[in-house]
Amino acid sequence: MEPRPRADIPPTDAPARPAAAPMIAAAGRWVPVPRLRAMRIRKKLLFLHTCFSLAMVALLLLTIRPTAQDAVRRAELDKASTLLRAAVEGAKADVRGVERRLSAFHSPPEVVVRFGSASATRLDDTDAARVAVRQGEVVPIESGDEARDGSAAAAFLPTIGGEPLYALVQVRIEGVRRALRVQYAALVLAVLAAYALIAAALEVFVLPQHVYRPIRRTLEADRALREGRRDEELIPEEHVVQDELGEIMRSRNESVRALRDHERALDDALRRFEQVAAELKRKNHLLETARTSLAHSDRLASLGVMSAGIAHELNTPLAVVKGLTERMHAHPDRPLDPSQVALLLRVVRRLERLGESLLQFARAQPPRTRPTDLAAVADEAATLVRLNAGTAAEIAADVPPGTVVECDADRMVQVLVNLLRNSVEALAGRAAPAESATPGRIELRADRARREGRDWVSITVRDNGPGIDPDVLSRLFEPFVTTRLDARGTGLGLAVADGIVRDHGGVILARNRPASAGGGAEFEVMLPVRGPGPVTDAPQEAARA
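Residue numbers (our numbering): 161 to 705.
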């Protein structure tokens, strides 16, 4: 047999919450029972057993006592009536005979006989009047002091010319009353013993197996759950009882299993997430490697294009220099004529310009920006082009005074000079105009604009020349892209201008103007007012043919 469990169930780690005190009925009213909810189950059951047994005893006494007392009272009343009736009927009209016969019955405290007036017999007025009305008869007395001391019977004995006489016999069967009290005590003891036996049987055979043990198993499983002992966190099925506690234990096991299922699902999700993250990291690495390789390949391709362009630009001047040098070597006695010397000088100057353009393109210095008035920059660029271009084309600079942006003034002059020179050379290369034809004109304008939440300045250079070849337009700002294969074009001017504008956080666009607007080419430079920013911040507009 398993050893009996402790009286108190092991307490859980969580403190009991304070609760309102329960109430029990006592003496017809509800009174609070302090800390009943905080008691252990065993103490609570003992307390409830005691209260229930006392309540049962009180209920039995309240049920049986009135009936038993009524039976005793009737027996005492019957005996008193019998004695009084025997005395009255035996003496007939002899009053003194009645008194003598009643005196023979007098044996206190069981039988008490009183004879005389109403006050002598201790009858109140109501009982005296009731007995007097029924003269000669035995009348039970149910009230007054006599009823409290025992059961009594009275009779009225009329006399001739004398005071009315009353006879009263009071009977108290003390043995019966004593036996009744013994029966009460025996009944109480029997009830208490029976209930104690039932409580002991419950405490020994039922509660340990079906209440205390399941609770202890549940607490042990909860402790194992908190401590992470997964092999002990479930209650074995053989320890689950087949009652409400068993339902609670099964529900707890199901909750623990559901919790573990969710944990496994979460672990699987985290594992998949880590795999996806690792795969993404690998792909990002591959993408970065591919991007680096692409940039390297792009640099190699650009280097190849640049090398081809440089070789192309050098071949023609070098061929001229080679031819003149070979002639001088073959005929040292024949000097070059002035035209050949002038040609050689032009070729050398072209090579010099090509070297300067390459140096400008290769420089990658960040711009030194400061607030600059674009009107002064535009005037300086237009003046330089007028002095160096040697063309009759009109250059009109219309930049409102006070148009200030943060930029490198010298490099911005270089941008505008390259754009203006490109337009001048385009106008110089068109067919000779007729007398009525429109003369060449170049416009330089600047306007403020607010796009994408930022303040910008738009600088526009437009001409009425032949426009830009559509095949060249999409790659116009790449190095060595030019349509002028003469001694003046190097193909690096627009590439240098594009690099400077991007260093300022802006963008440069090129497009052909429609014929309805006079035709020609148009370049637009967008610069942020508040200084350079990322190139991607500039408003992007596709170049339109």
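Even for Gly, the Cβ is constructed at its ideal location relative to N, Cα and C.
By the beta-carbon neighbour count (other beta carbons within 10 angstroms, threshold 16), E236 is buried. The region 630 to 637 and the region 607 to 622 do not touch, with fewer than 3 CB-CB distances between them shorter than 8 Å.
The beta carbons of N578 and V480 sit no closer together than 8 Å.
Annotated as distal: V273 and V331, with beta-carbon spacing of 8 Å or more. Residue range 569 to 588 is occupied by the alpha helix (DSSP H) that includes V577. For E414, DSSP assigns no beta-bridge partner whatsoever. With fewer than 16 other CB atoms across the displayed protein chains lying within 10 angstroms of its CB, I358 is exposed. Excluding the 5 residues flanking it on each side, R546 has same chain C-beta neighbours closer than 8 Å at I555, in chain order. Pairing A313 with A240 gives a Cβ-Cβ distance under 8 Å. In the DSSP assignment, the residues bridged to P688 are W616.
At the C-beta level, V564 and I660 stay beyond 8 Å of one another. The three-state secondary structure of E638, taken from DSSP, is coil. In this structure, R386 is the residue among V685, R386, I375, A437 with its C-alpha nearest to the C-alpha of V416. In this structure, R337 sits away from V217, with a CB-CB distance that is not shorter than 8 Å.
The region 280 to 298 makes no contact with the region 220 to 230; the number of CB pairs closer than 8 Å stays below 3. For P561, the closest of S583, R605, A553 by C-alpha to C-alpha distance is R605. Cβ contact annotation for A247 (same chain, cutoff 6 Å, sequence separation greater than five): V258, R261, L262, in chain order.
For A657, the enclosing alpha helix (DSSP H) starts and ends at 653 to 663. T223 is bridged by DSSP to nothing; it lacks a bridge partner. For the set V584, T210, Q229, the Cα lying nearest the Cα of V351 is the one of T210. Rounded to whole angstroms, the separation of the alpha carbons of Y355 and D382 is 35 Å. In the displayed model, P630 falls within a helix according to three-state DSSP. Selection T452, E397, P300 evaluated against R410 yields E397 as nearest (Cα-Cα).
Here F212 is exposed: its Cβ has fewer than 16 other Cβ atoms, across all protein chains shown, within 10 Å.
S311 sits in a strand when the DSSP states are folded into three classes. Distances from the alpha-carbon of T378 to those of L367, V366, G388, E392 put E392 closest. Taking a contact as a CB-CB distance under 8 Å, the pair L325 and F275 counts as one, their CB atoms being some 7 Å apart. Boundaries of the beta strand (DSSP E) around R610: 601 to 611. Residue nearest to G627 within the set G680, G653, A588 is G680 (criterion: CA-CA distance). When secondary structure is reduced to three states using DSSP, S267 falls in the strand class.
An exposed status is given to L446, since fewer than 16 other beta-carbon atoms sit within 10 Å of its beta-carbon. Rounded to whole angstroms, the separation of the alpha carbons of R622 and N582 is 10 Å. Each of D238, T485, V508, K441 was checked against the Cα of L474, and the nearest Cα belongs to V508. The Cβ neighbour count for N624, taken over all protein chains shown within 10 Å, is at least 16; the residue is labelled buried. Beta-bridge partners assigned by DSSP to T532: V565.
DSSP places L405 in the helix class (H, G or I) of the three-state scheme.
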